[in-house]
Amino acid sequence: MAQYLFLTLAALSILAALGMVFSRNPVHSVLFLIFTFFCIAGQYILLNAQFLAVVHIIVYAGAIMVLFLFVLMLLNLNKDTEPQKSTIWRITAGIASGMLLVTLVGALRGGIQVSIPENTNDQVGLVENLGKVLFTDFVVPFEIAGILFLAAMVGAVLVGKRDLKA
Amino acid sequence: MLETIRTIPIDYYVYLSTILFVIGVFGVLTRRNAIVVLMCVELMLNAVNLLLAAFSTYLSDAQGQIMVFFIMVVAAAEAAVGLGILVMIYRNTKSTDISLLDNLRN
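Heads up: the protein sequence lines correspond to chains V and Z, in order.
Start counting the first sequence at 27; every next residue gets the next number (this note's numbering).
Start counting the second sequence at 290; every next residue gets the next number (this note's numbering).
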């Protein structure tokens, strides 16, 4: 059962990712990417990382992709006006990424040498456990992430302002 | 023990993440619309997130999933600043075509 679910979700996510790369209309690209994100959220649920799945949907599908769509509509790019790169460039890019794929798969083909413990704890991805780890072992990175967010917010506002004198 | 861990080898997750990452790289190399390039970067980040979560579950170690949260934070910050820069570029060049951005070359 888990295996079929995994294979279905994997095939769907790969197809949607290819659709994102190959569709001419940027809005279709955004929608394909949202579908890919939902498939990845399904994988998280399959891994019993439920809190991660919920946060993933809220942050990516709910915030980041809406931001992308918003900018796309704001700049009025929702039509097939994108100029294409030349065929030779596309072939080169295909060869380059294909080589990357071959290299990575070749490096990993001998099997991943990890020893999975006999009694794994299934509760590791639940919010109780994650919250405990996040607010004890990772308190300092958590606060630094907050500062990073603040800096990003200030930076985005500053970049987006029309003239800084006003 | 979780059914996923018993029936699916961890290699499957490694290969799935590799394929998604390579699709992202291909998109970055071929597309000319800067928004779609940013989206391909998000796809690559997500491939890494999936791998971290898979290893975290298989080894029952919560640290991998905590790392995924931090990557999400960085991705959100990156998207906000990146799209801000993009709007600025559009204001100056009336286009989001990245091949126009070669001012540093001459």
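Virtual Cβ for every residue (Gly too), placed ideally from N, Cα, C.
Note that this is a predicted model, so its numbers are computed, not measured.
What's the gap between the Cα of residue 384 of chain Z and the Cα of residue 361 of chain Z? A direct Cα-Cα distance of roughly 29 Å separates residue 384 of chain Z from residue 361 of chain Z.
Residue span of the alpha helix (DSSP H) that contains residue 34 of chain V, given as start and end: That run of the alpha helix (DSSP H) goes 28-48.
Cβ closer than 9 Å: which chain V residues qualify as neighbours of residue 296 of chain Z? The contacting residues are 27, 28, 29 and 32.
Should residue 375 of chain Z be flagged as near chain V, meaning a C-beta pair shorter than 8 Å? True, the Cβ-Cβ gap to chain V drops below 8 Å.
Using C-beta distances below 6 Å, list every residue in its chain close to residue 320 of chain Z, excluding the 5 sequence neighbours before and after it, in chain order. The residues are 326.
Going along chain Z, which residues have a C-beta under 9 Å from residue 223 of chain V? Given a span of 27 to 192 for chain V in the structure shown, any question on residue 223 of chain V remains unanswerable.
Give every residue of the same chain whose Cβ lies closer than 6 Å to the Cβ of residue 323 of chain Z, excluding the five residues on either side of it in the sequence, and list them in chain order. The answer, listed in chain order, is 375, 385 and 387.
Whole runs of the alpha helix (DSSP H) within the stretch 81-152 of chain V, excluding any shorter than 4 residues: As far as the stretch 81-152 of chain V is concerned, its whole alpha helix (DSSP H) runs of at least 4 residues are 91-100 and 113-134.
Leaving out five residues on either side along the sequence, give the residues of the same chain with a beta carbon under 8 Å from the beta carbon of residue 389 of chain Z. Cβ-Cβ distances below 8 Å link residue 389 of chain Z to 382 in the same chain, with the five nearest sequence neighbours on each side left out; the list follows chain order.
Under 7 Å Cβ-Cβ, which residues of chain Z neighbour residue 39 of chain V? Around residue 39 of chain V, the beta-carbon contacts reaching into chain Z at under 7 Å are 309.
According to the Cβ coordinates, are residue 43 of chain V and residue 332 of chain Z closer than 8 Å? Closer than 8 Å, so yes.
Does DSSP classify residue 322 of chain Z as helix, strand or coil? In the structure shown, residue 322 of chain Z adopts extended strand secondary structure according to DSSP, grouped into three states.
Excluding the 5 residues preceding and the 5 following residue 49 of chain V in the sequence, name in chain order all residues of the same chain whose CB lies nearer than 7 Å to its CB. Correct list, in chain order: 55 and 58.
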